[in-house]
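Taking our numbering, I'd label the letters of the sequence shown as residues 3 to 336.
Some notes on the structure that comes next.
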Amino acid sequence: MKMAAGWRLSKGEIRKYYVDENDLWSSFNYVFSEACAKRSTYKFGLIKSILDNILSVTPTSRGMELSYIDIFSKFTVNYWNLITKYHLRQIHSNVRYTDSQIEKVFQDALSHAGVLGDVEFDSLAENDKNSIISKVTKECKRCVVGALYENFDGQLYGFDLKDTGIWINPVAYEFMLKYKPEIEQLNYYAWAKFLEKVNKDDALIRVLGKLELSTPRRVDLSIYRKILEMEFEDNTCFYCGCKLSRSAHVDHVIPWAFVKADHLWNFVLACPKCNHKKNDRLPTKEGLSRVIVRNEHLKSVPKIFISKEFKGYNPDLMWRIWNYAKLSGLKEMK
Ligand SMILES: [Zn+2]
Numbered sequence: 003m004k005m006a007a008g009w010r011l012s013k014g015e016i017r018k019y020y021v022d023e024n025d026l027w028s029s030f031n032y033v034f035s036e037a038c039a040k041r042s043t044y045k046f047g048l049i050k051s052i053l054d055n056i057l058s059v060t061p062t063s064r065g066m067e068l069s070y071i072d073i074f075s076k077f078t079v080n081y082w083n084l085i086t087k088y089h090l091r092q093i094h095s096n097v098r099y100t101d102s103q104i105e106k107v108f109q110d111a112l113s114h115a116g117v118l119g120d121v122e123f124d125s126l127a128e129n130d131k132n133s134i135i136s137k138v139t140k141e142c143k144r145c146v147v148g149a150l151y152e153n154f155d156g157q158l159y160g161f162d163l164k165d166t167g168i169w170i171n172p173v174a175y176e177f178m179l180k181y182k183p184e185i186e187q188l189n190y191y192a193w194a195k196f197l198e199k200v201n202k203d204d205a206l207i208r209v210l211g212k213l214e215l216s217t218p219r220r221v222d223l224s225i226y227r228k229i230l231e232m233e234f235e236d237n238t239c240f241y242c243g244c245k246l247s248r249s250a251h252v253d254h255v256i257p258w259a260f261v262k263a264d265h266l267w268n269f270v271l272a273c274p275k276c277n278h279k280k281n282d283r284l285p286t287k288e289g290l291s292r293v294i295v296r297n298e299h300l301k302s303v304p305k306i307f308i309s310k311e312f313k314g315y316n317p318d319l320m321w322r323i324w325n326y327a328k329l330s331g332l333k334e335m336k
């Protein structure tokens, strides 16, 4: 029997650490099903944000810690386009508010900034961004963190709203790492079905595509290029060893399509030819070993930016992601 009032909870421990894959599939499928009550899409949004952050959690004795700031920064960016650009309503029409709190926060922010319509979240002033994220965090802590906790019967994570974040059950963490693309797809599908119910038809063209685009891909990777150039004086292509010109590409070692996040430990410099050839492929085992050796060197550079980028990283994680990405259908580079 699933209790309905999870959103009222202010904290909850992980109730069961030893769950198997069947238990977890069953819980995820329940949350995606219509049997699990939802008045807005926030549960889908929270699952998505946890998945988007899954490579930067910190292991502690109670679980894999993930801060509210990390979760809801992603959550905000993911929702921004859906609401301000695609005008997709995120709340059931039978509730008494016409807009969800998040929609209101965004609209207020837009009118405060004096801009109309399409503006990228990243282009807002730093103060405005922080203020939006902090309002979204407050709202989501109130209405969705406890609710999702309860829907998973306390198996997915533990939380305390007074704390800095949630702690994910290590078994569930490994499960999400392993089945990330599959869970993502099921989440999109259930989210899209919900949106179809609460939106006008004309808002819905290719709604699945809009959801997939909701994790915006960073365009400017120059900060990573600079660091990699600075730390590796020989300045050669990681894959073929040719001398790099100004047109060096910053390449995601494990493709972006799988990780959906930017981490320094997952970047190398490549010549345009190799970058193009690699595209959405995985490196070979030999290539991955070299990245891991490179990372040991890079990790030891005493710079705050670098140590932040390496949060949650370890060589073994890289091997596991490589294997899981293969399992999800990605091919190795030839
Ligand atoms: Zn090359």
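Beta carbons are placed, not taken as given, at the ideal position from N, Cα and C, and that holds for glycine.
Just so we're clear, the structure is a prediction, and the values are computed from it rather than from any experiment.
In this structure, does DSSP put residue i in helix, strand or coil?
i: Ala-6; result: With a pLDDT of only 49 at Ala-6, under the threshold of 50, the placement of this residue in the model should not be trusted; the figure read from the coordinates follows. Coil.
i: Val-107; result: helix
i: Phe-30; result: helix
i: Gly-116; result: coil
i: Tyr-70; result: helix
i: Ser-330; result: coil
i: Phe-154; result: coil
i: Leu-319; result: helix
i: Val-79; result: helix
i: Val-252; result: strand
i: Ala-37; result: coil
i: Val-173; result: helix
i: Ser-216; result: coil
i: Val-209; result: helix
i: Val-146; result: coil
i: Thr-238; result: strand
i: Pro-183; result: helix
i: Asp-203; result: helix
i: Tyr-226; result: helix
i: Lys-140; result: helix
i: Tyr-19; result: coil
i: Phe-312; result: coil
i: Asp-54; result: helix
i: Tyr-88; result: coil
i: Lys-262; result: coil
Return yes when the C-beta of residue i is under 8 Å from any heavy atom of ligand 1, and no when it is not.
i: Asn-37; result: What sits at residue 37 in the sequence shown is Ala, not Asn. The answer is no for Ala-37.
i: Gly-243; result: yes
i: Lys-275; result: yes
i: Ala-340; result: Shown here, the chain extends from 3 to 336; a query on residue 340 therefore has no answer.
i: Cys-142; result: no
i: Cys-239; result: yes
Using CA atoms only, rank isn't needed, just tell me which of the options is closest to residue i.
i: Trp-169; options: Asn-316, Tyr-70, Ile-306; result: Tyr-70
i: Asp-162; options: Trp-9, Trp-321, Lys-328; result: Trp-9
i: Asp-236; options: Leu-246, Ile-229, Cys-242; result: Leu-246
i: Thr-60; options: Ser-309, Pro-274, Phe-34; result: Ser-309
i: Val-107; options: Asp-124, Asp-120, Asp-130, Val-209; result: Asp-130
i: Asn-325; options: Pro-304, Lys-336, Ile-256, Val-295; result: Ile-256
i: Gly-160; options: Asp-110, Leu-68, Arg-91; result: Leu-68
i: Asp-318; options: His-254, Ile-104, Leu-179; result: Leu-179
i: Tyr-20; options: Glu-122, Leu-158, Thr-78; result: Leu-158
i: His-251; options: Asn-268, Met-232, Phe-260, Asn-277; result: Asn-277
i: His-254; options: Arg-248, Glu-311, Gly-243, Lys-280; result: Lys-280
i: Glu-298; options: Glu-288, Tyr-315, Thr-286, Ile-306; result: Tyr-315
i: Leu-215; options: Pro-274, Gln-187, Leu-57, Met-232; result: Gln-187
i: Ser-12; options: Lys-140, Gln-92, Lys-87; result: Lys-140
i: Ala-7; options: Asp-282, Tyr-151, Lys-301, Pro-304; result: Tyr-151
i: Glu-105; options: Lys-305, Ser-249, Thr-43; result: Thr-43
i: Arg-322; options: Phe-177, Lys-137, Glu-122; result: Phe-177
i: Tyr-88; options: Ser-58, Ile-56, Val-121; result: Val-121
i: Ser-133; options: Cys-145, Cys-244, His-114; result: His-114
Since residue i and residue j are thought to touch, with beta carbons under 8 Å apart, how far apart are those beta carbons, to the nearest angstrom?
i: Arg-227; j: Leu-266; result: With 8 Å as the limit, Arg-227 and Leu-266 do not qualify as a contact, their Cβ atoms being about 11 Å apart.
i: Gly-14; j: Gly-167; result: So it is not a contact: roughly 14 Å between Cβ atoms.
i: Ile-185; j: Phe-30; result: 6 Å
i: Lys-333; j: Leu-290; result: Wrong, their Cβ atoms sit about 14 Å apart, outside the cutoff.
i: Thr-238; j: Asp-54; result: Between Asp-54 and Thr-238 the Cβ distance is about 32 Å, and since that is not below 8 Å, they are no contact.
i: Asp-264; j: Arg-220; result: 5 Å
i: Asn-80; j: Lys-50; result: 6 Å
i: Pro-172; j: Gly-65; result: 6 Å
i: Leu-210; j: Ala-194; result: 5 Å
Strictly by DSSP, which residues pair up with residue i?
i: Leu-11; result: Partner(s): none; Leu-11 has no beta bridge.
i: Asp-162; result: Lys-13
i: Pro-61; result: Met-66
i: Ser-42; result: Ile-93
i: Ala-272; result: His-251
i: Ile-168; result: Leu-68, Phe-161
i: Leu-284; result: Glu-334
i: Lys-245; result: Thr-238
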